[in-house]
Amino acid sequence: MFKPEQPGRTFRFHVGLWLVVGGMFSGVPGACLGTLVGMLAGRPVAGVVTGVVLYLLSWLMIGAGIVLAGPETLVRTRRIMLSLRKKFAPKDRREHPAHNDGPPT
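The working numbering applies: residue 215 is where the sequence shown begins, and numbers increase by one.
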């Protein structure tokens, strides 16, 4: 199992994070832009093909980013979720009826 000393501090994590963010922001806008340029150039088929290729490349970027940032991101996310759970968890389960298994009293 992967156990980094300081999660989120390696070059691999940062590259993966940038790939995920870049893939998310380049997918649909890149496809629309590619299609629009093709339409304006008078080659609609080339525009559609360019748009589809740019959209697929954005998914490849997201996948590569998840693979690169994966293990460290899981460790960091678990640590953040545990701290949030400790901070916001009710002290007594009876305070929140949605979390109470029995009938209300």
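Beta carbons: idealized from backbone N, C-alpha and C, even for Gly.
Close CB contacts of Leu254 within its chain, under the 7 angstroms cut and outside five residues either way in sequence, are absent. For Arg292, the three-state secondary structure derived from DSSP is helix.
Under the DSSP assignment, Gly236 falls in the alpha helix (DSSP H) whose first and last residues are 225-254. Taking a cut-off of 8 angstroms on C-beta distances, the region 249-264 does not touch the region 288-296, as fewer than three cross pairs fall below it. Just so you know, the alpha carbons of Ile294 and Gly248 end up roughly 39 angstroms apart. Residues of the same chain with a CB within less than 6 angstroms of the CB of Ser240, apart from the 5 flanking positions on each side, are Ser272 in chain order. Just so you know, the alpha carbons of Lys300 and Gly256 end up roughly 59 angstroms apart. When DSSP states are grouped into helix, strand and coil, Ala283 belongs to the helix group.
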